[in-house]
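Quick note on numbering: the sequence shown equals residues 1 to 307 in the UniProt record's numbering. Ideal Cβ placement from N, Cα and C applies to all residues, glycine included. Below is one structure, written out as structure tokens; comments come after it.
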Amino acid sequence: MTNVSQSEKIALVAISSAITAVLVYRWSKTPGRNVPDEDDFVAHQGEPGAQQQKQGDGDDRHFHVPYIHQRLALWQIRRRSEKLLRNCQQRRTLRFFSNDAVPKDVISNILQTAATAPSGAHKQPWTFVAIKDPRIKQKIRAMVEEEETINYKSRMRKTWVDDLKPMMSSLHQEMAATTNGEASSSSPPPNIRIEKPYLTEAPWLIAVFKQTHGGLDPDTGKRIDHYYVQESVGIACGFLCAAIQNANLCTLTSTPMGAEKGIRELLDRPDNEKLFLLLPVGFPAAGATVPYRNPERKPSSETIVWK
Ligand SMILES: Cc1cc2nc3c(=O)[nH]c(=O)nc-3n(C[C@H](O)[C@H](O)[C@H](O)COP(=O)(O)O)c2cc1C
1 MTNVSQSEKI
11 ALVAISSAIT
21 AVLVYRWSKT
31 PGRNVPDEDD
41 FVAHQGEPGA
51 QQQKQGDGDD
61 RHFHVPYIHQ
71 RLALWQIRRR
81 SEKLLRNCQQ
91 RRTLRFFSND
101 AVPKDVISNI
111 LQTAATAPSG
121 AHKQPWTFVA
131 IKDPRIKQKI
141 RAMVEEEETI
151 NYKSRMRKTW
161 VDDLKPMMSS
171 LHQEMAATTN
181 GEASSSSPPP
191 NIRIEKPYLT
201 EAPWLIAVFK
211 QTHGGLDPDT
221 GKRIDHYYVQ
231 ESVGIACGFL
241 CAAIQNANLC
251 TLTSTPMGAE
261 KGIRELLDRP
271 DNEKLFLLLP
281 VGFPAAGATV
291 PYRNPERKPS
301 SETIVWK
């Protein structure tokens, strides 16, 4: 057996590490292998060149600049698409929230993500109001519960109330308990109030407003037009829900019918803004449940058409 000294061992380890490093570096430079790390890059716009500035009419919105896109390898593209699909498949609308805190910077990231949505003529016709103040949440809850009681009693069709039954059953049980089991099967009895505890229990409420127009132009005094407002804000809310899910949080996409104006006034929003959605955001309460569904969603054969 050969006798290898300590210093020879160290030299051998150093040489083999150096060879490995060179091989890995050269492999990464092989054409087709030089893929960026997925989390490393941010797709980004270039800056206008001198030529573009010279040709432009002075309005920098009229330049076109290169779009910088770092193309990933197909396996990365596939992996990303699968990962998002799996994550979104786990999303459910939650109606029972814990009051565990969620840091403001996380909510800020989520809202900034929503605001990256495309919009008609890039008017970005949305305002997101993030509410943490318990007094404001309590006032909103009171308004929504009052209006929702009227909605159930008189504004909503019976088929609508029936469609909502599977989602509301837990809340209905609470209602029944408060009235010694007198709750009717399709609408609440006249002497009870609908409870929306999630509006105060979730650490954040996000009120999304759509801007029907952009206010008055200070130069001309004319209204600044917004286009495809409904579609644009709907897409932004889709981004918002996906960002909430991606952050490992939960939400309830809710439409507080009848309380829109009161909430707008409470939040001091101008009257070109209309409440679009109200979303509690946070973690699920211990023991939170969701309506059972089987299958959970329509099969893709019913929702996707390939040609
Ligand atoms: C525009 C819109 C409005 C909704 N309004 C309410 C609501 O006011 N209250 C509620 O409990 N759920 C509301 N939902 C949640 C739906 O009931 C829920 O998304 C649907 O049952 C599917 O369940 P899932 O989100 O768990 O997949 C709303 C959803 C959307 C998209």
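Residue burial is scored here from C-beta neighbours: Ile244 has at least 16 other C-beta atoms within 10 angstroms and is therefore classed as buried. The three-state reading of DSSP puts Trp126 in strand, counting E and B together. Excluding the 5 residues flanking it on each side, Cys88 has same chain C-beta neighbours closer than 8 Å at Ala242 and Gln245, in chain order.
In this structure, DSSP gives Asp162 a helical state, which the three-state scheme calls helix. CA-CA distance, Val144 to Ala50, rounds to 56 Å.
Each of Thr149, Tyr67, Ser301 and Phe96 was checked against the Cα of Leu279, and the nearest Cα belongs to Phe96. Under the Cβ criterion (8 Å, minimum of three pairs), the segment 126–143 counts as touching the segment 195–202. Ala117 and Ile10 have their C-alpha atoms roughly 56 Å apart. Comparing C-alpha distances from Ile68 to each of Thr253, Arg141, Gln45 and Ser5 shows the shortest one belongs to Gln45.
Between ligand 1 and the CB of Ser254, the shortest heavy atom gap is smaller than 7 Å. Per DSSP, the unbroken alpha helix (DSSP H) holding Val106 starts and ends at Lys104 to Ala114. For Gln211, the uninterrupted beta strand (DSSP E) run begins and ends at Trp204 to Gln211, by DSSP. Set against 7 Å, the gap from the CB of Thr93 to the closest heavy atom of ligand 1 is smaller.
For Phe283, no alpha helix (DSSP H) encloses it, and the DSSP letter there is neither H nor E.
With a contact defined as Cβ atoms closer than 8 Å, Leu267 and Val129 qualify at about 5 Å. In this structure, Val305 has its beta carbon at no less than 7 Å from each heavy atom of ligand 1. Ligand 1 never approaches Val22 closely enough for any of its heavy atoms to be under 7 Å from the residue's Cβ.
When secondary structure is reduced to three states using DSSP, Tyr198 falls in the helix class. Here Ile206 really is in contact with Val281; their C-beta atoms are around 6 Å apart, less than 8 Å.
With a beta-carbon spacing of about 17 Å, Phe283 and Leu240 fall beyond the 8 Å limit used to define contacts. DSSP places Ile235 in the uninterrupted alpha helix (DSSP H) bounded by Val229 to Asn246. The beta carbon of Gly262 is closer than 6 Å to those of Met143 in its chain, skipping five residues each way along the sequence. Residue environment analysis places His122 among the exposed positions, since fewer than 16 neighbouring C-beta atoms fall within 10 angstroms of its C-beta. For Arg269, same chain residues with a beta-carbon under 6 Å away, outside a window of 5 residues either side, are Phe209 in chain order.
Taking a 10 Å sphere around the C-beta of Glu265, we find fewer than 16 other C-beta atoms and assign the residue as exposed. Not one heavy atom of ligand 1 is found less than 7 Å from the C-beta of Val208.
The three-state reading of DSSP puts Lys298 in coil, since its state is none of H, G, I, E or B. Inter-residue distance for Leu23 and Val13 is about 15 Å (C-alpha atoms, whole angstroms). Here the alpha carbons of Ile15 and Ile110 stand approximately 48 Å from one another.
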